[in-house]
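Report on the structure given below.
Number of protein chains: 2
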Amino acid sequence: MDPGAELGRELSTAVVMFHEAVGAHLGVTAGDQRALGVLARHGAMSAGALAKEVGLTPGAVTGMVDRLTRAGLVRRDVDPADRRRVLLTVADGAGASAEIFGSLATEMTAMISRYTTEEREVIADYLTRTVEILRDQTRRISARQR
Amino acid sequence: MDPGAELGRELSTAVVMFHEAVGAHLGVTAGDQRALGVLARHGAMSAGALAKEVGLTPGAVTGMVDRLTRAGLVRRDVDPADRRRVLLTVADGAGASAEIFGSLATEMTAMISRYTTEEREVIADYLTRTVEILRDQTRRISARQR
DNA sequence: CGTTTTACTTCACCATACTAAACTATCCAG
DNA sequence: CTGGATAGTTTAGTATGGTGAAGTAAAACG
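Protein sequences appear in the order of chains A and B.
Counting in the UniProt record's numbering, the first sequence tops out at residue 146, every number present.
Counting in the UniProt record's numbering, the second sequence tops out at residue 146, every number present.
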């Protein structure tokens, strides 16, 4: 097998396994983590908006947010402007998640700092293109669905 | 946020979402895909050995292999040397999975071919180190588990 | 050979996360 | 105000993937 492809697959496996371990450790599901990602990108949003975004019913989101808040990953506040609504924000707190991701970030930063500026540019370029391809392929697969 | 970290998170999300889409498309779970990864790395192995490797009971592996064979990802053969045993191998066949991963591989190969040899070495080095860190961190988290 | 062990499958049961729908609280329109 | 719409939670039911143990077939042992 092409050594590049092999590396890519290993990275992919490593990423997925890391995510699984984090999920198991914090007591959140893969879907919960996806919702967290949506929330991180989008910023504060209501429970209903999140439900629409992740394609689940409001009821499911209640359970999801329960788990995420229990894990200390998300804050759930009543919207002062409309007290029926629940505003969700990614908790910037300490806690288990900060410990986990902080440690990863430290390692990654240290590793990256050993490259020259030019090398870092190459790496960033590669990552950007890879993300693009992955998103593209994900769309393609999802479109083929049934 | 550090642009490098941001890119890393995006890649991670893209990888996970790609995996989820593949799983949904082929009708296999995340666990199934992990087992497939084990099988790919290890080569042919018996159902019992796979069960031990992924930490599930033999009964669960039966169902898992059912799904994987149904998706055309794995072959299930009786071991001619010991006919109680079931030999599992990654199916190198055509089918939906080949179409999916083939397309991804084509895109990635084309993208990588645009870099010089030196650049490719930098990228490979980066990927290798990243995988190492991820595996390390995964171990760390799993160890912390109660 | 007959008994015991081994390898996988099958079965009954359990946990979990989902949906649909009833319920509660709040907002808005007349 | 009052009636209806909206936001989220709660609840009853469903699907799925897991465990543990019984069942089936093949190998190994004495």
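Cβ coordinates follow ideal geometry from the N, Cα and C atoms, glycine included.
With fewer than 16 other CB atoms across the displayed protein chains lying within 10 angstroms of its CB, Gly59(A) is exposed. A distance of 9 Å or more separates the beta carbons of Ile133(A) and Ile141(B). In this structure Met17(A) touches Thr138(B) by the C-beta definition: roughly 5 Å separates them, less than 8 Å.
Rounded to the nearest angstrom, the Cβ distance from Leu88(A) to Ala47(A) is 6 Å, consistent with a contact under 8 Å. By the CB criterion at 9 Å, Arg67(A) and Ala91(A) fall outside the cutoff. Going by beta carbons, Gly23(A) and Thr29(A) fall inside the 9 Å limit.
Boundaries cannot be given for Asp82(B), as no alpha helix (DSSP H) includes it and DSSP labels it neither H nor E. A direct Cα-Cα distance of roughly 43 Å separates Arg129(B) from Arg83(B). Pairing Leu50(B) with Leu39(B), the inter-Cα distance amounts to about 8 Å. In this structure, the alpha-carbon of Gly102(A) lies about 16 Å from that of Ala71(A). In this structure, the CA atom of Leu11(B) is about 16 Å from the CA atom of Met111(B). At least one CB of chain A lies nearer than 9 Å to the CB of Val16(B).
The criterion of a C-beta distance shorter than 9 Å is satisfied by Glu107(A) and Asp136(B). Listed in chain order, the alpha helix (DSSP H) runs fully inside the UniProt domain "HTH marR-type" (4–132) of chain B are 30–42, 47–54, 58–70 and 95–112, counting runs of at least 4 residues.
When the beta-carbon positions are compared, Val122(B) and Tyr115(A) come within less than 9 Å of each other. Note on geometry: alpha-carbon atoms of Arg34(A) and Ala81(B) lie some 46 Å from one another. Contact annotation: Leu56(B) and Met45(B) have beta-carbon atoms that are not nearer than 9 Å. Taking the Cα positions, Val78(B) is about 5 Å away from Val86(B).
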